[in-house]
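Colleague: Position one of the sequence shown corresponds to residue 440 (my numbering), numbered consecutively onward. Yeah, the Cβ is synthetic: ideal placement off N, Cα and C, and Gly gets one too.
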Amino acid sequence: MTFDELYDQIRSGSLDKNQARQQFSLDWLETASSYIADVNRGARNNIPEIIYGEYKQFEQTLELADVFLERHGRVIISRSPFNDRLVAHYESRCVLLAGEQVLVLGSLPEVRGKVLLVSAGAADHPVLEECAFTLRALGVEPLVFEDRGIAHPTRVLEAVKEGVAGDAAAVVVVAGMEGALAPFVASLVALPVIGVPTSVGYGFRAKEAALTSMLASCAPNLTVVNIDGGIRAAVVAGLIARNREAVRGSRAE
């Protein structure tokens, strides 16, 4: 349970004082055989638990996921080589979102805020999908526009127009090759833009070219995460969107 969800339950009366105290107890760490699971991270930083599955065995990933699902509404599994097996294991047990390299288990939270999500080409889809699913797990609606590379600039303008009209709080741009889409989008909006360089491209230093280009951009509202860092970009953009909605809500009260 994230802090926002805990607060909502306290405010609505569905969680009493003793139950809330239990959630905030000093029992921050729960041991499970061969690892330590930080089961209270969501209450501290408002981010659902994320299991990096790339180097974990199937049984390890299952054990971790089960521990978190016992205590929380959802868990994100990133880049597990056993995605298909995990889907087969959990699809009859809980709601899930299954992508090429990301899996979200459990119920999705109430939507608060929107983020514009734009990718340059079809090769960027796995990273864009990872970002979109993570946003949904955070309770933020992704406004998704794929294959909007600057080889055809009018496609970019349409995406930006829809994002601004849709009241997006931030923009995430996923692009490989020379990464030019990110600074171009940043030049068009009065919003924070997060560039995600992907390992897509031709020839010399191809997997690093987009990162270097985005880092060297003169667009002052553009910041950059590491190569293929869809989850990190989604978390930062999602927190921007949710925090903006929280400020709006407090002003309305």
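For E647, count the other beta carbons within 10 Å of its own beta carbon; 16 or more makes it buried, fewer makes it exposed. Which is it?
Modeller: Under this definition E647 is an exposed residue.
Colleague: Which residue spans inside the segment 490-521 form an unbroken alpha helix (DSSP H) run of at least 4?
Modeller: Whole alpha helix (DSSP H) segments, 4+ residues: 497-510.
Colleague: Along the chain, where does the beta strand (DSSP E) containing P592 start, and where does it finish?
Modeller: First-last for P592: 592-604, but that is the alpha helix (DSSP H), not the beta strand (DSSP E).
Colleague: Less than 7 Å separating the Cβ of E585 from some heavy atom of the ligand FAD?
Modeller: This structure lacks the ligand FAD, and indeed carries no ligand of any kind.
Colleague: Give me the residue from G605, S558, E569, S546 with the minimum Cα distance to H432.
Modeller: Coverage of the chain is limited to positions 440 through 692, which leaves residue 432 absent and any answer about it impossible.
Colleague: List the whole-angstrom C-beta distance separating L508 from L544, where the pair is believed to meet the contact cut-off of C-beta under 8 Å.
Modeller: Yes, L508 and L544 are in contact; Cβ-Cβ is about 6 Å, under 8 Å.
Colleague: Residues in its own chain within less than 7 Å of G668 by CB, not counting five upstream and five downstream?
Modeller: Excluding sequence neighbours, G668 sits near V635.
Colleague: What is the DSSP secondary structure of E549, counted as helix, strand or coil?
Modeller: In the structure shown, E549 sits in coil (DSSP, three-state: anything other than H, G, I, E or B).
Colleague: In angstroms with no decimal places, state the Cα-to-Cα distance between I489 and V534.
Modeller: I489 and V534: Cα-Cα distance of roughly 16 Å.
Colleague: Pairing CB atoms from the segment 553-573 with CB atoms from the segment 610-629, are three or more of them under 8 Å?
Modeller: Contact holds: three or more Cβ-Cβ distances are below 8 Å.
Colleague: Go ahead and pull the three-state DSSP assignment for E488.
Modeller: Strand, per DSSP.
Colleague: Please name the residue in N660, I633, A649 whose C-alpha comes closest to that of V639.
Modeller: That would be A649, whose Cα lies nearest to the Cα of V639.
Colleague: Check each candidate in R518, D505, G602, Y491 and name the one with the smallest Cα separation from P565.
Modeller: Of R518, D505, G602, Y491, the residue nearest in Cα terms is R518.
Colleague: Using beta-carbon positions only, say whether R671 and V664 come within less than 8 Å of one another.
Modeller: Yes, they are a contact pair.
Colleague: Near G538, what residues of its chain come up, given a Cβ to Cβ distance below 7 Å and the 5 sequence neighbours on each side ignored?
Modeller: The answer, listed in chain order, is E568, E569, F572.
Colleague: Mind reading off the beta-carbon distance from L630 to N485? Whole number of angstroms is fine, and I expect it under 8 Å.
Modeller: About 21 Å; that fails the 8 Å criterion.
Colleague: Where does V395 fall in DSSP's three states?
Modeller: Residue 395 falls outside the range modelled here, since the chain spans only 440 to 692, and no answer is possible.
Colleague: Report the option in K600, V599, G552 whose CA atom is closest to the CA atom of P581.
Modeller: Among K600, V599, G552, the Cα nearest to that of P581 is on G552.
Colleague: From G588 to R594, what does the alpha carbon distance come to, in whole angstroms?
Modeller: Looking at the two C-alpha atoms, the distance is approximately 7 Å.
Colleague: Taking Cβ positions, are L525 and T500 nearer each other than 8 Å?
Modeller: Yes.
Colleague: Pick out whichever of L654, A645, Y641, I516 has its Cα sitting closest to the Cα of E493.
Modeller: Residue I516 is the option with its Cα nearest to E493.
Colleague: Which ranges would you report for the beta strand (DSSP E) in the segment 626-671 if only whole runs of at least 3 residues count?
Modeller: The qualifying runs are 632-636, 661-663.
Colleague: Helix, strand or coil: which one does DSSP assign to S558?
Modeller: Strand, per DSSP.
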